[in-house]
Each structure stands twice: as structure tokens, then as C-alpha cells.
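Asks: Taking this note's numbering, the leading residue of the sequence shown gets 3, the next gets one more, and so forth. Backbone N, C-alpha and C fix where the C-beta goes; we use that ideal spot for every residue, glycine too. All values reported here derive from a predicted model rather than from experimental measurement.
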Amino acid sequence: MSAITIGTNEYRGKKTPIRYSDEDRVRHMYMIGKTGVGKSTVFQNMCLQDIRNYQGACFIDPHGESIDWLLARIPANRLEDVILFDPSDTDYPFGLNLLEARDDKEKDFLVSECIQIFYKLFDPERTGVIGPQFEHWLRSAALTVMAGPLGGSIIEIPKLFIDKEFELRKRQYLTDPLVIDFWAKQMAKTSDFHKSEMLNYFMSKFGHFMTNSVMRNIIGQHQSSFTLDDIMDGGKILLVNLSKGKIGEVNARMLGLILVAKLEAAVLRRAHRPAGERKPFYLYVDEFHNFTTDTFIGLLSESRKYGLAVHLTNQYLAQLPEAIREAVLGNVGTLMAFEVGIDDAKILEKEFEPVTANDFIGLPRFHFYIKLMINGKTSNAFSGAGLSPEPAHPASIPARAVVTMNQLMYGSPALLVGEMIRRNLGILT
3 MSAITIGTNE YRGKKTPIRY SDEDRVRHMY MIGKTGVGKS TVFQNMCLQD
53 IRNYQGACFI DPHGESIDWL LARIPANRLE DVILFDPSDT DYPFGLNLLE
103 ARDDKEKDFL VSECIQIFYK LFDPERTGVI GPQFEHWLRS AALTVMAGPL
153 GGSIIEIPKL FIDKEFELRK RQYLTDPLVI DFWAKQMAKT SDFHKSEMLN
203 YFMSKFGHFM TNSVMRNIIG QHQSSFTLDD IMDGGKILLV NLSKGKIGEV
253 NARMLGLILV AKLEAAVLRR AHRPAGERKP FYLYVDEFHN FTTDTFIGLL
303 SESRKYGLAV HLTNQYLAQL PEAIREAVLG NVGTLMAFEV GIDDAKILEK
353 EFEPVTANDF IGLPRFHFYI KLMINGKTSN AFSGAGLSPE PAHPASIPAR
403 AVVTMNQLMY GSPALLVGEM IRRNLGILT
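1) Taking all protein chains shown into account, decide if ASN408 is buried (16 or more other Cβ within 10 angstroms of its Cβ) or exposed.
2) Give me whichever residues DSSP pairs with ASP288 in a beta bridge.
3) Relative to the C-alpha of VAL287, which residue among ALA277, ASP125 and LEU314 is closest?
4) At which residue ranges does the region 103-175 contain complete alpha helix (DSSP H) runs of 4 or more residues, listed in the order of the chain?
5) Which one or two residues does DSSP pair with THR336 in a beta bridge?
6) Which same chain residues end up closer than 7 Å to PHE184 when comparing Cβ atoms and leaving out the 5 residues on each side of it in sequence?
7) Tell me, please, which residues DSSP counts as bridged to ARG21.
8) Where DSSP assigns a beta bridge to TYR13, which residues make up the other side?
9) Where do the N-terminal and C-terminal ends of the beta strand (DSSP E) with PHE61 fall, by residue?
10) Identify which residue in GLY237, LEU86 and THR295 has its Cα closest to the Cα of GLY97.
11) For LEU241, list the residues DSSP reports as bridge partners.
12) State the Cα-Cα distance for the pair SER4 and ARG21, rounded to the nearest angstrom.
13) In this structure, how does DSSP classify GLY250 when only helix, strand and coil are distinguished?
14) Would LYS41 be called buried (16 or more neighbouring beta carbons within 10 Å of its own) or exposed?
15) Measuring only the C-alpha atoms, how far is ASN219 from ILE117?
16) What residue range is occupied by the uninterrupted alpha helix (DSSP H) comprising GLY300?
17) Could you check the C-alpha separation between TYR440 and LYS246 for me, to the nearest Å?
18) Which residues in the same chain have their Cβ closer than 8 Å to the Cβ of GLN51, if we skip the five residues on either side of it in sequence?
19) Cα separation between ARG2 and VAL147?
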């Protein structure tokens, strides 16, 4: 049975490796702990073992440090398997199009995820900032830009409401009677005053992504630079550097949410394949609460049968809405806790009994308590320590080589991308 090593357990002076089998990993892992306690090091070491074992993996990093660490240690014989998605590379932007669907069922799924993303970004507490009317406009507009033979992107949605010629050009491909009626009846009969009132409110949610050239050149491309199916089935390595310091927090969250939504769609497509053809794939998401919607959390209970092993981490349980917290704690097979604050410790002691709240407070760095999935059953809680960070290997791929190869294989020159997007928007150059 193939397995990786998480850390070591010491009992009566004897250290024993903590092994985590591939079969148990598809029941998922959740790790919690304050910043600087060693969570990232454990994730890095786990992902590096997957890479060296020729497994497929994706690491979503909101800081960039883990991606840099992994790049310095990836074996040279896996160079061609590495896909480095770094939005701060503005010279050769990748395409990442959420509204890229293979059939009508997937269109509906992705449009629903698009709506969830806007809630997540602009109205996470559901206070009414995003409401039924916004949803209705967004759903109808998204399905409209997706209807044509060349597809469409998120940044084309506002254009439908301010450019009649563009609207008519996109509408000609519609077949859904409800969407046809939205334009022909509802919008056509809405007074200019009420339309203008709603339009300002609607457009304000898109302005940030339309006017920011970094985002526009990524999410405005009709064709994504890579497909998650190829990455998962081919055992490739997707490293996602969403450094908030380089691209901004809202941009990082938007791109992470889009990527996870596309991953969900790829996982669901595996349902049509025999179980033996669903190659295991290992997903690592740091600060996962920023990059996941309710749909993704709900998928945890199903994704194991599709071969997706999910590893999630964040700093505080308070960052999670109660429903999400309960869903995560109820659907992951392995729980790990490093040092936490008193409020989280009180919650965790119920999960880690007989470990008490005081046991979690003041844990040394790299030390944790874990309830490990072993042969399909969750163990009693026990203590452990993470492995030391592995030094960079002299035979590893130079990071610059990875960047250059990815620019050539997956990126496109920014000038060409900008011209293509203007053409898609009907802006003459």
C-alpha cells in the first residue's frame, strides 16, 4: 500500500513515522493552526513526496512562499509535468476562463458557481448586496455570452447591457426560451430610468476586473491555457502562486475561486468514467476559506469516489461560517491541529478527546495532535511532530527554467492577448 510520511510520533523514547496511505487520503485532511506553527512545512513536504512519487498534484498558495520552496526541490525528470500559474507574470498571461463549458449541464453548473463567487467576494454574509435581481441578470447574461460558437468570458457580461450591437450579436445564438425572453421581454420593457439604476449597481461589481489589465488579460481569454482534466489524468503538477502582495487580495481570491470551480467541474466529469480510470489527484489549498464556495465543501463527501484527495488548512475556525465548519469537520477523515487560540481549542477538544483545550495552547512549533484515517477508520488522537524542511536539491530544476518553459507552452504575449480581448469585446483597433 503506497503512503507518504506526515511526521513522527514519539512514545517512550521511540520515534515512529506517521504514514498516510493513498487509500485513506481520498477521505481528505483538514489542518488548523496559528501562523508560523509549521502547517505550510507539513503541506510542502507532503506535496513534494507526491511529486517524487510521480503523482498528480495541485498546490494553491496565497503567499507564494510554498511555491518557491517546491520549485527549488522538484526533480529534473518532472520538468515537463510542471504547470506554474503565476498571475503576476504580466508579459505572458495565462488564460483562465470560468465560462468554458462542454455541455448545457456544465454551463448551468459554472453559471451557478459564478454567482456563488460574486456572493463570496461582495456579499459573504448574504446581507442583500447581491440579491435575486443581480442573480437573474448575471445568470441570463452569462448564458448569453456562452451561447456563441466561440464562447465568451466574464468581462463580456457588462458589455451586453451598454452596447446594443454587442447584445444583438450575442443574442443571435440563444436557444434557451427563458434567456431569450429576458432580453426580448423583460429588458426591452424595462424603463431607461430603472435600467440605469440597476445598471450602476450591477456594473460596479465588474469594474475592478475589467479595468485591471492583469485580471482582464487572464479571465478575458476565451480559452484557458490548461485543462484540469489533462492535469489530473496525466499526473501533472499544477503550482498556483496567488501571492496577495503581488496581485492584490481581491484578484487572488477571484482567481482562486475560478480555479477551484473549474476543478470541481473536472472532478464531476469523472463520474462518466469507470472507477479504475480515475487516477488519484492530490489538492492542497492554503487559506482554503478564501477560495472555496459552499458547492466545493458539499463536494467533499463525493469527491473521494472520483479520486480527488483534498488537503485544506487555515488559521482559525472563526474564519469559517458555522455550516462550513461543521461540513469540514464532518467530512474529512484526518484532522490535524497545531497551536491554536483558546476559542478554537475549546471547539477542538470535543473532536480530539481525550486531548484538552489546554493541550492545544502553547504547543511547540512543528508539533501537533492528529486523528489519522487508517484503513478507512479514524484513529484516536495522538501527538506528532512534522518533518524538518528539506534543503533544496542541487539536481532540482532551476526555477527560471520552469518559468521560461511555461511561458512558451501555456502563456501568450500580453500584446496579442490584449488585441484578442478587444476583438472579442467588439472594440476596433
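Replies: The relevant details are as follows:
1) buried
2) THR315
3) LEU314
4) 106-124, 134-148, 161-164 and 166-173
5) MET31
6) SER142
7) THR7
8) LYS16
9) 58-63
10) LEU86
11) PHE61 and LEU86
12) 9 Å
13) coil
14) buried
15) 21 Å
16) 296-305
17) A question about residue 440 goes unanswered here, because the residues of the chain that appear run from 3 up to 431.
18) ILE6 and THR7
19) No statement about residue 2 is possible, as the shown extent of the chain runs from 3 to 431 and does not include it.
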